[in-house]
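Residues -1 to 461 (my numbering) are what the sequence shown spells out, left to right. Every residue, glycine too, gets a C-beta built ideally from N, C-alpha and C.
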Amino acid sequence: MQPDAQYISTRGQIDPVSFQDAVLMGLATDGGLLLPREIPDLSGQLPRLAALPYPELATQVMLPFVAGSLTEAELRVLVERSYATFRHPEVTPLVAAGPVHILELFHGPTLAFKDVALQLLGNLFEHVLAKTGQKLNILGATSGDTGSAAIAGVRGRQGIHIFIMHPNGKVSPLQERQMTSVLDANVHNIAIEGTFDDGQHVLKEIFNDLPFKQEYALGAVNSVNWARVLAQVVYYFHAAFRLQAETGCAKIQVSVPTGNFGDIFAGYVAMRMGAPIARLILATNENDILARFFNTGVYARGQVFATSSPSMDIQVASNFERYLYYRVGQDPVRLRELMAEFARTGRIVLEPGDTTIVADAGNQAQTLATIATYYRDHGYLLDPHTAVGVAVGERFLDPATPTVCLATAHPAKFPATIQEAVGQDVAHHPILDALADLPTRCTVLPATKTAIEQFMRDKLGSL
Ligand SMILES: *Cc1c(COP(=O)(O)O)cnc(C)c1O
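Next up, the structure:
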């Protein structure tokens, strides 16, 4: 018998909750982020785990985190259902390309790595809602990628509706069609008349309308949900085991193109659990707050630049607080002081003290050059986000420790950048090519709280 998993807040001001409650809560009610009270140590089980196919590995890695909320058999069913939608038998296959290995995380329904987490989250939500008899209405605002992966995660699921706002005419036609071509009755695409920031603003207003939020059981699928991090821990083990088998190395290192610090935090958890990973390489684009932090100890808000790797165009990383919690020795009082200081001044400073994460920033020119070089010399086409991770990863190569670079999107999602980099229109995927002919459904609305709430009432009926 596993002891029940308990979750605490980084800010230390909630009673411990179960895995199930942590998933439904998303953000902790004291404003902090949820973390397991204990990170399980799997270092004694590595030979047994190394032999497992992806879904069974996922079940075994996640099991101690869900104990008390899901049985092993329940978890296995949810995991198998989540990864049956992936188009590759290995789920996240590892491919050699030049001096690195690429872990392809983009074989899910929307060709983005966010599918790894959101497919599982959708199944978890459905399972928990069925058990408790609750309903959930997800509301989100997207500038592109997250919206389609969230929709793909919950389409057709019992007890859930999803409303996703995107700025009308301001997301790429491909990304827009990935969302609006989903015709399931529980999926509601809204094109708001305004910008992405207008969408964020309305979203905040509606979540602050507590009577509405309560009556309509509003929830979010944002990147701070613990289940998203947990699902991502698995592929770090998978990558290490595959590369150990191939090269006989003792440990690997992993380069992670980073925005909100979710993906790389999953790697940090995997290391703390005993995965054979020597260090993580944090790669940012010009939005380099995290690279600056790991090189100088100063975490200071900067200006946001638009780049060819838009999912990394982030200054303040929403999952960073989880990492900070460990950096201050799991001391919630110190953590609260730091977060308050950052909110007040936009800047905090930490002593150096972690050699398990190294970091650097790539830029636009390096991204394009890396895509071109890998295509020409190694016959491998990188998406722009992956290319940032490869460009930075190459600066940290170590002959004794093979390097895995996480591939976070399929290149066909970013055809204009690929064309610019290699001079030809070579990035295609049949799923994306087929989108042009599919019927779509979407409602255009003003970017106001009243209009969006009325639309939701009309769709959901009075509850
Ligand atoms: C979301 C995303 C990232 C960044 O992941 P984080 O967990 O926010 O660090 C990188 N690449 C792509 C393609 C993404 O969609």
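Check                                                                                                                                                                                   : Outcome
Quick one, are the C-beta atoms of His383 and Thr401 less than 8 Å apart?                                                                                                               : no
Please work out which residues of its chain come closer than 7 Å, Cβ to Cβ, to Phe291, disregarding the five sequence neighbours upstream and downstream, and give them in chain order. : Tyr297
Below 8 Å, can you find three or more Cβ-Cβ pairs linking the stretch 65 to 82 to the stretch 130 to 147?                                                                               : no
Taking 7 Å as the cut-off, is the beta-carbon of Gln303 closer than that to any non-hydrogen atom of ligand 1?                                                                          : Correcting the residue type first, residue 303 is Phe in the shown sequence and not Gln. Phe303: no, Cβ never under 7 Å from ligand 1.
Nearest-angstrom Cα distance between Arg175 and Asp2?                                                                                                                                   : 42 Å
With distances taken from CA atoms, which of Leu436, Thr448 and Arg455 is nearest Leu181?                                                                                               : Leu436
Any idea if Asp456 is buried or exposed, counting beta-carbon neighbours within 10 angstroms, 16 or more meaning buried?                                                                : exposed
Please list the terminal residues of the continuous alpha helix (DSSP H) segment that includes Pro255.                                                                                  : Note, Pro255: premise wrong, no alpha helix (DSSP H); beta strand (DSSP E) at Ile250 to Pro255.
From Leu228 to Ala341, what does the alpha carbon distance come to, in whole angstroms?                                                                                                 : 27 Å
Which same chain residues end up closer than 6 Å to Phe239 when comparing Cβ atoms and leaving out the 5 residues on each side of it in sequence?                                       : Ala48
My assumption, with CB atoms under 8 Å, is that Glu418 sits in contact with Leu366. Please give the rounded CB distance.                                                                : 6 Å
Within 10 Å of its beta-carbon, does Lys129 have 16 or more other beta-carbons around it, so buried, or fewer, so exposed?                                                              : exposed
How would you call Val21, buried or exposed, if buried means at least 16 neighbouring beta carbons within 10 angstroms?                                                                 : buried
Under 7 Å from any heavy atom of ligand 1, does the C-beta of Ser141 make it?                                                                                                           : no
By the three-class DSSP mapping on this structure, what secondary structure does Arg277 have?                                                                                           : strand
Between Met60, Val442 and Lys447, which lies nearest to Lys168 when the distance is taken from Cα to Cα?                                                                                : Val442
In three-state terms, what does DSSP make of Ala35?                                                                                                                                     : A small correction: the amino acid at residue 35 is Arg; Ala does not occupy that position in the sequence shown. Reduced to three states, the DSSP call for Arg35 is coil.
Short of 6 Å in beta carbon distance, which residues of its chain neighbour Ile416, apart from the five on each side in sequence? Order them along the chain.                           : Pro409 and Ala425
Identify whether Val326 lies in helix, strand or coil by the three-state DSSP scheme.                                                                                                   : coil
Bridge partners for Ala49 per DSSP, in chain order?                                                                                                                                     : Answer by DSSP bridge pairing: none, since Ala49 is not bridged.
Does the Cβ-Cβ distance between Arg155 and Asn184 come in under 8 Å?                                                                                                                    : yes
Taking the alpha carbon of Phe263 as the point to measure from, which residue in Ala248, Tyr234, Ile287 and Ser146 has its own alpha carbon closest?                                    : Tyr234
Going by beta carbon distance, what residues of the same chain come within less than 8 Å of Leu61, once the five residues before and after it are set aside?                            : Gln0, Glu70 and Leu73
What number of angstroms, rounded off, separates the C-alpha of Gln362 from the C-alpha of Ser306?                                                                                      : 7 Å
Rounded to whole angstroms, how far is the Cβ of His99 from the Cβ of Leu92, which I believe are closer than 8 Å?                                                                       : 5 Å
By how many angstroms is the C-alpha of Gly197 removed from the C-alpha of Asn164?                                                                                                      : Sequence inspection shows His at residue 164; the Asn mentioned does not correspond to that position. Distance between the alpha carbons of His164 and Gly197: 7 Å.
Using a 10 Å radius around the Cβ and a threshold of 16 neighbouring Cβ atoms, would you call Ala434 buried or exposed?                                                                 : exposed
By the three-class DSSP mapping on this structure, what secondary structure does Ile312 have?                                                                                           : coil
My assumption, with CB atoms under 8 Å, is that Pro350 sits in contact with Gly295. Please give the rounded CB distance.                                                                : 6 Å
Using the three-state DSSP reduction, which class does Asp456 fall into: helix, strand or coil?                                                                                         : helix
In this structure, does DSSP put Pro463 in helix, strand or coil?                                                                                                                       : The structure shown does not extend to residue 463, since the chain is modelled only from -1 through 461, so no value can be given for it.
If you run the structure through DSSP and keep just helix, strand and coil, what is Glu54?                                                                                              : helix
Do you know offhand how far Gln313's Cα is from Gly257's?                                                                                                                               : 8 Å
Out of curiosity, what's the CA-to-CA distance linking Val75 and Gly421?                                                                                                                : 45 Å
DSSP three-state label for His86, please.                                                                                                                                               : coil
Can you grab the Cα-Cα spacing for the pair Asp13 / His427, in whole Å?                                                                                                                 : 47 Å
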